[in-house]
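Read the structure below first, then the notes.
2 protein chains.
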Amino acid sequence: MSNKIQEIQSRHALIKELVSKQEISNQAQFQKLLKLNGIKITQATLSRDLNELGIIRVPAPNGFFYKINTAGDQSVLRSRLSEEIISIDHNETLIVIRTFPGRAQGVAIVLDQSNSTELLGTVAGDDTIIVIPRSNKNIKKSLENIKIILGIN
Amino acid sequence: MSNKIQEIQSRHALIKELVSKQEISNQAQFQKLLKLNGIKITQATLSRDLNELGIIRVPAPNGFFYKINTAGDQSVLRSRLSEEIISIDHNETLIVIRTFPGRAQGVAIVLDQSNSTELLGTVAGDDTIIVIPRSNKNIKKSLENIKIILGIN
DNA sequence: CATTATCTTGCATAATTATGCAAATTTAAA
DNA sequence: TTTAAATTTGCATAATTATGCAAGATAATG
Numbered sequence: 003m004s005n006k007i008q009e010i011q012s013r014h015a016l017i018k019e020l021v022s023k024q025e026i027s028n029q030a031q032f033q034k035l036l037k038l039n040g041i042k043i044t045q046a047t048l049s050r051d052l053n054e055l056g057i058i059r060v061p062a063p064n065g066f067f068y069k070i071n072t073a074g075d076q077s078v079l080r081s082r083l084s085e086e087i088i089s090i091d092h093n094e095t096l097i098v099i100r101t102f103p104g105r106a107q108g109v110a111i112v113l114d115q116s117n118s119t120e121l122l123g124t125v126a127g128d129d130t131i132i133v134i135p136r137s138n139k140n141i142k143k144s145l146e147n148i149k150i151i152l153g154i155n
Numbered sequence: 003m004s005n006k007i008q009e010i011q012s013r014h015a016l017i018k019e020l021v022s023k024q025e026i027s028n029q030a031q032f033q034k035l036l037k038l039n040g041i042k043i044t045q046a047t048l049s050r051d052l053n054e055l056g057i058i059r060v061p062a063p064n065g066f067f068y069k070i071n072t073a074g075d076q077s078v079l080r081s082r083l084s085e086e087i088i089s090i091d092h093n094e095t096l097i098v099i100r101t102f103p104g105r106a107q108g109v110a111i112v113l114d115q116s117n118s119t120e121l122l123g124t125v126a127g128d129d130t131i132i133v134i135p136r137s138n139k140n141i142k143k144s145l146e147n148i149k150i151i152l153g154i155n
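Protein chains in written order, with our numbering: chain A, 3 to 155; chain B, 3 to 155.
Printed below as a string of structure tokens:
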């Protein structure tokens with residue numbers, strides 16, 4: 003059998019399919035479902051697959067279930083992040099980032115998740131982000147920090 | 003020691019604080035950090051706390067780390083305002099409140115409806131609220147005011 | 001108060017997930 | 001094709017997390 007990559011990709015596709023269609027609570031159950039669909043792998047491989055796909059186990063009132071980690075996808079966007087940004091400006095107290103329409107939320111999430119101590123937080127609308135710096139005194143430093151996080155020169 | 007609830011709430015607050023400020027990769031490490039902050043609990047209790055708070059362990063390229071679950075079951079939390087709040091911070095001119103994902107609007111409404119003369123207004127995103135104080139001069143007073151309104155000690 | 005019910009926690013351990021290593025397979029290179 | 005490098009996988013087990021149970025603590029009730 004040639005083309006291992008396709009084999010893995012289709013297995014990953016099935017895993018994502020399954021996780022989105024039913025509530026799976028552990029890997030043993032997951033394994034069974036895969037088997038029913040003709041995919042036989044060990045728990046070890048499944049564990050690796052789930053981590054690669056960013057599929058996580060979340061607690062719920064009635065047990066646990068697997069779901070796709072939304073934050074995981076942000077890393078993919080990071081490469082094109084700078085293309086979504088129109089301008090970064092500031093006054094004495096605030097930094098304002100303008101983005102393409104509908105992209106503010108996505109960009110803001112990256113800033114939030116950077117956990118930079120320079121930034122107190124962000125609020126994003128549709129195409130505008132307001133960034134609150136930790137202090138007004140070195141706001142230029144915060145600005146530099148933002149540019150680094152977003153990968154802008 | 004009376005008022006167990008407060009004790010638990012402050013422990014939960016510390017847990018949320020820790021998880022949002024650093025990358026914690028397992029419960030043993032978590033336990034140590036809590037101990038450094040004067041909270042001694044077993045791994046079992048920590049496990050229960052994390053599940054109650056919807057804090058999950060997510061895979062990353064360089065290991066695992068805990069984070070607050072987006073789209074967590076807020077049903078449990080909905081009753082307790084203070085449990086929805088991760089941190090309250092400020093700089094010279096603004097106050098920034100971080101909340102659980104999707105809870106910023108709900109918390110902001112409480113602040114808005116308090117009609118406090120200390121607060122000019124709020125702007126809320128998904129998990130961040132910006133509060134604008136009446137004056138920059140006594141921002142700490144506004145901070146206290148907010149904590150009273152939200153029932154935080 | 002006294003009594004009962006509810007809640008919280010630790011202990012010990014079960015349940016579950018992650019991973020080092022070696023074998024097998026696949027891909028790349030010569 | 002042969003050889004070498006890289007990738008994938010299973011096995012066994014380590015590492016980590018969840019939980020039944022009992023004891024103690026707290027809250028509720030009369």
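Glycine is no exception: its CB is placed at the ideal position from the N, C-alpha and C atoms.
| Item | Value |
| --- | --- |
| Tell me the rounded alpha-carbon separation between Ile57 of chain A and His14 of chain A. | 11 Å |
| Identify whether Arg136 of chain A lies in helix, strand or coil by the three-state DSSP scheme. | coil |
| If you measure from the beta carbon of Ser137 of chain A to each beta carbon in chain B, is any gap under 7 Å? | yes |
| If I follow the unbroken beta strand (DSSP E) through Asp91 of chain A, where does it start and stop? | Ile87 to His92 |
| Would you say Val125 of chain A and Gly127 of chain B are within 7 Å of each other, going by their C-beta atoms? | yes |
| Give the residues of chain A in contact with Asp51 of chain B, contact being defined as C-beta atoms less than 9 Å apart. | Simply none; closest approach about 11 Å. |
| For a quick check, are the C-beta atoms of Gln33 of chain B and Leu48 of chain B less than 7 Å apart? | yes |
| What number of angstroms, rounded off, separates the C-alpha of Ala46 of chain A from the C-alpha of Arg100 of chain A? | 45 Å |
| Could you give the C-beta distance for Pro135 of chain A and Asn93 of chain B, rounded to a whole number, given that I count them as a contact under 8 Å? | 6 Å |
| Would a C-beta distance cut-off of 7 Å place Ala106 of chain B and Ile88 of chain B closer than the cut-off? | no |
| Looking only at C-alpha atoms, which of B:Ser137, B:Leu121, B:Asn140 and B:Asp129 sits nearest to Pro151 of chain B? | It should be noted that the sequence gives Ile, not Pro, for residue 151 of chain B. If we check each option's Cα against that of Ile151 of chain B, B:Leu121 comes out closest. |
| Quick check: Phe67 of chain B and Ser27 of chain B, are their CB atoms within less than 7 Å of each other? | yes |
| Compare the C-beta of Asn71 of chain A against all C-beta atoms of chain B and say whether one is closer than 7 Å. | yes |
| Under three-state DSSP, which class holds Arg13 of chain A? | helix |
| Hey, is Val21 of chain A's beta-carbon within less than 7 Å of any beta-carbon in chain B? | no |
| Name the one or two DSSP bridge partners that Phe67 of chain B has. | B:Val60 |
| Return the first residue and the last residue of the alpha helix (DSSP H) that Gly1 of chain B is part of. | The structure shown has nothing for residue 1 of chain B, since chain B only spans 3 to 155. |
| Of all the CB atoms in chain B, is at least one closer than 7 Å to the CB of Thr44 of chain A? | no |
| Looking at Val60 of chain A: is its Cβ nearer than 7 Å to the Cβ of Glu86 of chain A? | no |
| For Leu38 of chain A, is the classification buried or exposed, using 16 other Cβ atoms within 10 angstroms of its Cβ as the cut-off for buried? | exposed |
| Determine whether the Cβ of Pro103 of chain A lies closer than 7 Å to any Cβ atom of chain B. | no |
| For Lys95 of chain A versus Asn138 of chain A, is the C-beta distance shorter than 7 Å? | Strictly speaking, residue 95 of chain A in this sequence is Thr, with Lys absent from that position. Result yes, Cβ atoms of Thr95 of chain A and Asn138 of chain A sit closer than 7 Å. |
| Under 8 Å Cβ-Cβ, which residues of chain A neighbour Gly56 of chain B? | Val60 and Pro61 |
| Any Cβ of chain A within less than 7 Å of the Cβ of Val125 of chain B? | yes |
| Does Leu122 of chain A have its Cβ less than 7 Å from a Cβ in chain B? | yes |
| Using a Cβ cut-off of 7 Å (strictly closer), state whether Leu152 of chain B contacts chain A. | no |
| Check the DSSP bridge columns for Thr130 of chain B and list the partner residues they point to. | B:Arg100 |
| Where does Gln24 of chain B sit, in a helix, a strand or coil, going by DSSP? | coil |
| Assuming Ile7 of chain A and Asp51 of chain A form a contact by the criterion Cβ under 8 Å, report the distance between their Cβ atoms to the nearest whole angstrom. | Not a contact, Cβ separation roughly 14 Å. |
| Would Gly123 of chain A be called buried (16 or more neighbouring beta carbons within 10 Å of its own) or exposed? | buried |
| If we count the other Cβ atoms within 10 Å of its Cβ and call it buried at 16 or more, is Asp91 of chain A buried or exposed? | exposed |
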